[in-house]
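Chemist: Handing you a structure now.
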Amino acid sequence: MSTQQAEPDTQEAPEDPAMKGAESPAAEKQKGGDMVDERDESQAEFDGETVHIKVFRYDPEVAEKQEPRFDDFHVPFEKGMTVLDSVMYARDEYDSSLTFRHSCRQAVCGSDAFFVNGKQRLGCKTQISDLEQPIRIEPLPHQEVVKDLVVDMDHFYDQMHAVEPYFKSEDTPDASKLEEQRQSRENREKVKMSTRCIWCASCMSSCNIAAGDNEYLGPAAINKAYKFAMDDREEEDIKEHRLRILEQEHGVWRCQTQFSCTEVCPKDIPLTEHIQELKREAVKKNLKFW
Amino acid sequence: MYEHDVIVVGAGGAGLRAAVAAHEAGADVAMVTKLHPVRSHTGAAEGGINAALQEGDDWELHAYDTMKGSDYLGDAPAVETLAQDAPEETINLEHWGMPFSREEDGTVSQRPFGGLSYPRTTYAGAETGHHLLHTMYEQVVKRGIQVYDEWYVMDLATTDEDDPNDRECHGVVAYDVQSGQIEGFKANNGVVLATGGPGQAFDHTTNAVSCTGDGQAMAYRAGVPLEDMEFIQFHPTSLPSTGVLISEGVRGEGGILYNNEGERFMFEHGYANNSGELASRDVVARAELTEVNEGRGVDDEYVHLDMRHLGEERIMDRLENILHLAEDFEGVDGLIEPMPVKPGQHYAMGGIEVDENGQTCIDGLYAAGECACVSVHGGNRLGGNALPELIVFGRRAGYHAAGGDLGEAEIRTGYGDDVEDETDTEFPVAPGAAGLETSGGVAADGGVTADAEGVLERRVETARERVDGLIDKDDGIQHSEIRAKLQQAMTDYVNVFRTEDGVKKALEIIRECREEYQDVYVDDPSRTFNTDLQQTIETRNLIDVAETIALGALVRDEFRGAHWRKEHQERKDDEWLKHTLVSWDDGEPSIFYRPVILEGESKTYEPKERSY
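What follows is the structure, given as structure tokens:
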């Protein structure tokens with residue numbers, strides 16, 4: 001189930017069948033457990049005893065990790081085991097310096113998006129049994145690596161903040177009288193999917209355009225703006241202001257509808273459709289575009 | 001050194017709300033948080049926000065339900081404040097753009113929830129916490145409030161007078177996870193702890209890996225008592241391998257629990273002949289574990305929750321999310337096989353002792369949210385009451401810390417003339433500090449007279465020495481081994497079922513963990529994003545918090561709310577209408593009790609049998 005991804009800057013395309021099982025000798029470092037029997041490791045013949053993961057390692061401060069490498073770990077398999085479980089086990093049992101973000105373990109905190117077997121996935125909701133081994137676990141491409149699987153998220157957050165991601169209406173009823181703004185079910189339904197974003201940055205990492213244009217707002221930020229632009233509770237002039245932000249040079253018109261963001265989104269948000277819809281809104285409003 | 005008027009530690013629902021309130025009161029506020037705000041565990045809350053919004057409903061009904069649900073261990077001023085403030089706070093969220101589910105007329109939707117006399121749980125799909133968290137973060141961005149994210153707070157800069165009630169808090173010490181740099185954060189007005197629960201003290205929990213009780217442990221060591229820590233809520237249906245929650249909705253729709261012999265044990269073994277699978281959470285959790293303990297569990301670990309008979313159409317219509325959870329986190333297809341479930345630690349009713357303004361007994365130190373105990377939930381929290389607590393008491397703490405006036409609090413804090421000392425209980429081992437505590441954490445170390453900067457600088461120095469010590473040490477024991485042992489002990493002995501011998505055994509193991517921790521080291525030599533270091537410090541916090549849970553569980557010899565004791569199967573109102581308070585006392589913990597306040601604004605809540 002290889003998907004065409006943007007080529008990561010410094011890493012090989014991991015889904016190449018020739019790469020499977022091939023291990024760079026320089027990167028080898030056997031840790032923990034026995035070597036996996038390296039016969040055909042397709043899912044059907046998976047023996048269920050240990051899982052072989054190859055994890056990207058890098059630390060700018062530690063001499064032997066300054067040159068990026070992959071470490072191999074063999075972790076005992078348990079039914080229901082996820083990619084996150086496997087790296088947690090490797091860290092707790094074999095190498096406490098193995099570093100990655102994680103928190104909720106249930107796909108709501110968005111901390112543990114990794115590049116797993118060549119695709120952006122959340123570690124916590126990716127079942128080991130669905131993957132071919134050895135499983136390559138790398139940091140998200142197109143973001144600077146801080147250490148091991150941790151990438152610098154600052155640029156992603158900057159883009160999220162750039163779209164003024166907050167409700168701006170000043171014309172709200174008196175809260176002390178317990179009056180809410182009315183919103184139709186249809187309108188709530190319209191923005192519903194856009195509000196499910198967990199800021200994992202998988203989409204940004206998968207996007208060719210974002211890779212080439214560092215100022216491109218990117219799918220997550222545009223989706224965030226979509227929520228506000230489509231929410232009937234904000235007034236027309238605010239909506240127009242939002243569309244102006246989105247139609248600028250590095251906004252919605254950069255999107256080339258490749259759907260890579262939509263494909264990797266762990267919350268199934270129709271990101272590309274949302275971007276397209278905003279383009280149509282901008283045209284309707286007669287805003288100039290690039 | 002950084003300097004702000006108000007420092008908020010933690011950026012979940014309570015912390016974000018506190019920061020917004022402090023900002024609105026005119027303070028220069030900053031948030032210091034080990035996770036970026038949107039990663040906080042508030043985002044995992046599903047159910048909703050209890051608030052008496054509709055005509056026909058009344059805050060007094062909400063207060064009554066909450067007091068009854070608490071098994072009469074909530075303090076009336078706290079419970080009534082929650083019920084009174086929740087409606088306006090909920091409407092505020094709506095005004096801030098929170099995508100609540102809607103009725104045909106465009107008003108926000110509310111639904112019925114367990115233990116409520118009126119359908120007042122305001123919700124946004126089954127993802128209410130996610131939407132609350134993101135909406136609140138948006139408001140923090142809007143106001144330009146400074147957020148130091150991925151800064152881990154290690155210590156509080158409190159003074160060390162002999163009596164904790166005389167101490168002051170001048171800020172916090174934190175390190176930048178990304179660079180390892182350790183800095184002081186001076187708080188001119190106050191520090192608000194909003195660090196969440198201590199779920200990771202248990203081996204099996206629905207809580208995030210980040211829920212390590214940091215704020216509780218820091219406040220405790222600084223001299224603030226931890227209140228009612230023995231009250232831990234266990235949810236009956238969590239997935240065995242991860243602890244991911246399977247909503248009560250499955251049983252609500254007709255899902256059935258089976259043991260390994262295919263028996264519908266809730267009925268066939270007489271646990272709840274009337275309500276079966278829909279009995280209250282504690283009843284179902286105890287039933288499941290009894291089945292496992294008596295050899296009727298599946299794989300000796302869990303039971304089955306079966307929803308196949310509901311049919312694909314109904315499941316897809318109402319429980320689609322559950323199929324994803326079971327598939328993604330357990331590898332089980334709920335349409336063709338039953339789902340494995342077992343009880344999991346879910347929520348801590350107790351926490352840092354505060355009054356209804358969020359203030360602790362230490363001047364300038366506040367707490368709000370799950371880390372705090374106001375006390376709203378008493379012996380048992382009702383579903384839908386956690387989120388309103390975050391926004392109601394988060395706002396009050398932030399506002400008060402910024403210098404806002406909320407009037408005199410009715411709830412008293414700290415050791416005083418209204419408390420009663422614990423004298424009877426025999427402890428198997430002395431709790432508290434082990435050895436010289438070289439790896440950090442004893443509050444008092446002299447220098448009472450130092451000014452705020454001096455206090456902070458000394459704490460920063462201590463923190464740097466502690467970190468250097470942990471990283472420079474080349475061998476010893478790794479924190480993960482100690483943490484695993486601690487979590488196992490808590491799940492084995494201080495779980496749903498508690499016996500005197502079991503809890504004592506847990507205290508002995510906790511003692512061992514403390515001794516072992518004296519020899520802990522951090523293997524990763526790097527200062528860059530050293531999660532080994534962070535987790536090692538968290539593990540120390542877990543040890544301190546776990547010990548207070550076990551101490552509370554041992555002294556409270558009655559069955560109230562979520563606290564079940566084998567030898568004591570009755571609620572003892574004559575003796576136990578009081579809060580358990582554990583005080584660190586500079587490394588030699590003591591226990592005392594403060595009477596519960598059942599007198600409300602205009603009525604007294606008379607304890608009744610808690611039956612539904």
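Order-wise, the sequence lines are chains W and L. Anchor point for the first sequence: position 81 equals 81 in the UniProt record's numbering, and the numbering is continuous, going up by one each time. Anchor point for the second sequence: position 199 equals 199 in the UniProt record's numbering, and the numbering is continuous, going up by one each time. Yeah, the Cβ is synthetic: ideal placement off N, Cα and C, and Gly gets one too.
Which chain W residues are close to aspartate 524 of chain L, counting only those with a beta carbon under 7 Å from its beta carbon?
Modeler: Residues of chain W passing the Cβ test: Ser96 and Ser97.
Chemist: Closest to glycine 384 of chain L by C-alpha separation, out of L:Val6, L:Leu116 and L:Val108, would be which residue?
Modeler: Of the listed residues, the one whose Cα sits closest to glycine 384 of chain L is L:Leu116.
Chemist: By the criterion of Cβ-Cβ separation under 7 Å, what are the contact partners of tryptophan 199 of chain W in chain L?
Modeler: What tryptophan 199 of chain W touches in chain L: Val38.
Chemist: Mapping the DSSP letters down to three states, classify phenylalanine 265 of chain L as helix, strand or coil.
Modeler: Helix at phenylalanine 265 of chain L.
Chemist: Express the C-alpha separation of tyrosine 72 of chain L and lysine 608 of chain L in angstroms, rounding to a whole number.
Modeler: If I take the Cα positions, the gap works out to 8 Å.
Chemist: Chain L beta carbons: is any one of them nearer than 8 Å to that of threonine 262 of chain W?
Modeler: So, not an interface residue.
Chemist: Span of the alpha helix (DSSP H) holding histidine 134 of chain L?
Modeler: It spans 128-142 - the alpha helix (DSSP H) in which histidine 134 of chain L sits, taken as one unbroken run.
Chemist: Tell me the rounded alpha-carbon separation between glutamate 422 of chain L and phenylalanine 592 of chain L.
Modeler: Those two C-alpha atoms are separated by around 5 Å.
Chemist: Using C-beta distances below 7 Å, list every residue in its chain close to histidine 134 of chain L, excluding the 5 sequence neighbours before and after it, in chain order.
Modeler: The answer, listed in chain order, is Val38.
Chemist: Could you work out which residues of chain W lie near glutamate 558 of chain L, taking near to mean beta carbons separated by less than 9 Å?
Modeler: Those do not exist, as glutamate 558 of chain L stays about 34 Å from chain W at its closest Cβ, beyond 9 Å.
Chemist: Cα separation between glycine 476 of chain L and arginine 498 of chain L?
Modeler: Each residue's alpha carbon lies about 33 Å from the other.
Chemist: Which class does leucine 542 of chain L belong to by DSSP, given the choice of helix, strand or coil?
Modeler: It is helical.
Chemist: Check whether the Cβ of leucine 178 of chain W lies closer than 8 Å to any Cβ atom in chain L.
Modeler: Judged by the 8 Å Cβ criterion, leucine 178 of chain W is in contact with chain L.
Chemist: Hey, out of W:Glu138, W:Ser86 and W:Gln120, whose CA is closest to proline 68 of chain W's CA?
Modeler: The option with the nearest alpha carbon to proline 68 of chain W is W:Glu138.
Chemist: I believe isoleucine 53 of chain W touches proline 134 of chain W by the beta-carbon criterion, under 8 Å. Please report the beta-carbon distance rounded to the nearest angstrom.
Modeler: Confirmed, about 6 Å.
Chemist: Could you list which residues in chain L have their beta carbon closer than 7 Å to that of serine 129 of chain W, in chain order?
Modeler: Residues of chain L passing the Cβ test: Gly331.
Chemist: Within 10 Å of its beta-carbon, does glutamate 80 of chain L have 16 or more other beta-carbons around it, so buried, or fewer, so exposed?
Modeler: With 16 or more Cβ atoms within 10 Å of its Cβ, glutamate 80 of chain L is classed as buried.
Chemist: What are the start and end residues of each continuous alpha helix (DSSP H) run of 4 or more residues lying completely inside the region 257-338 of chain L, in chain order?
Modeler: Listed in chain order, they are 265-268, 281-293, 312-318 and 320-330.
Chemist: With burial defined as no fewer than 16 other Cβ atoms inside 10 Å of the residue's Cβ, what is the status of glutamate 601 of chain L: buried or exposed?
Modeler: Result: exposed.
Chemist: Would alanine 208 of chain L and histidine 41 of chain L qualify as a contact pair, given that the criterion is a beta-carbon distance under 8 Å?
Modeler: Yes, the pair counts as a contact, with Cβ atoms nearer than the cut-off.
Chemist: Taking the alpha-carbon of glutamate 132 of chain W as reference, which of W:Ala211, W:Thr50 and W:Glu144 has the nearest alpha-carbon?
Modeler: Measuring from the Cα of glutamate 132 of chain W, the nearest candidate turns out to be W:Thr50.
Chemist: Drop a sphere of 10 angstroms on the beta-carbon of glutamine 106 of chain W, count the other beta-carbons inside from all chains shown, and report buried for 16 or more, exposed for fewer.
Modeler: Counting Cβ neighbours within 10 Å, glutamine 106 of chain W comes out buried, since at least 16 surround it.
Chemist: Name, going along the chain, the residues of the region 98-111 of chain W whose beta-carbon falls closer than 9 Å to a beta-carbon of chain L.
Modeler: The residues in question are Leu98, Thr99, Phe100, Arg101, His102, Ser103, Cys104, Arg105, Gln106, Ala107, Val108, Cys109, Gly110 and Ser111.
Chemist: What does DSSP give as the partner residues of glutamate 235 of chain W in its beta bridges?
Modeler: None, per the DSSP bridge assignment.
Chemist: As a quick exercise: from L:Asp492, L:Ile482 and L:Ala372, pick the residue whose alpha carbon is nearest that of alanine 550 of chain L.
Modeler: Considering only alpha carbons, the answer is L:Asp492.
Chemist: I'd like to know whether the C-beta of glutamate 209 of chain L is nearer than 8 Å to at least one C-beta of chain W.
Modeler: The sequence shown places valine at residue 209 of chain L, rather than the glutamate named in the question. Yes, valine 209 of chain L lies at the interface with chain W (some Cβ there is under 8 Å from its Cβ).
Chemist: Which of the three DSSP states is assigned to threonine 122 of chain L in this structure?
Modeler: Strand, per DSSP.
Chemist: Could you tell me whether the Cβ atoms of threonine 539 of chain L and arginine 483 of chain L are closer together than 8 Å?
Modeler: Result yes, Cβ atoms of threonine 539 of chain L and arginine 483 of chain L sit closer than 8 Å.
Chemist: Judging by CA-CA distance, which residue of L:Glu301, L:Asn50, L:Val6 and L:Val244 is the nearest neighbour of glutamate 88 of chain L?
Modeler: If we check each option's Cα against that of glutamate 88 of chain L, L:Asn50 comes out closest.
Chemist: Kindly list, in the order they appear in chain L, the residues whose Cβ is closer than 7 Å to that of methionine 230 of chain W.
Modeler: The contacting residues do not exist; methionine 230 of chain W stays about 11 Å from chain L at best.
Chemist: How many angstroms separate the CA atom of methionine 349 of chain L from the CA atom of alanine 126 of chain L?
Modeler: Rounded to the nearest angstrom, the two C-alpha atoms are 22 Å apart.
Chemist: What's the C-alpha gap between valine 62 of chain W and glutamate 93 of chain W?
Modeler: About 21 Å.
Chemist: I need the straight-line Cα distance from glutamate 227 of chain L to isoleucine 362 of chain L, nearest angstrom please.
Modeler: Using only the alpha carbons, I get a separation of about 15 Å.
Chemist: Taking Cβ positions only, does tryptophan 96 of chain L come closer than 8 Å to chain W?
Modeler: So yes, tryptophan 96 of chain L belongs to the interface.
Chemist: Quick one: which chain L residues come within Cβ less than 8 Å of proline 165 of chain W?
Modeler: In chain order: Glu138 and Val141.
Chemist: Enumerate in chain order the residues of its own chain whose CB-to-CB distance from histidine 513 of chain L is below 7 Å, with the five nearest sequence positions on each side excluded.
Modeler: Per the sequence shown, the amino acid found at residue 513 of chain L is cysteine instead of histidine. Cβ neighbours of cysteine 513 of chain L beyond the five flanking positions: Ile482, Lys485, Leu486 and Ile543.
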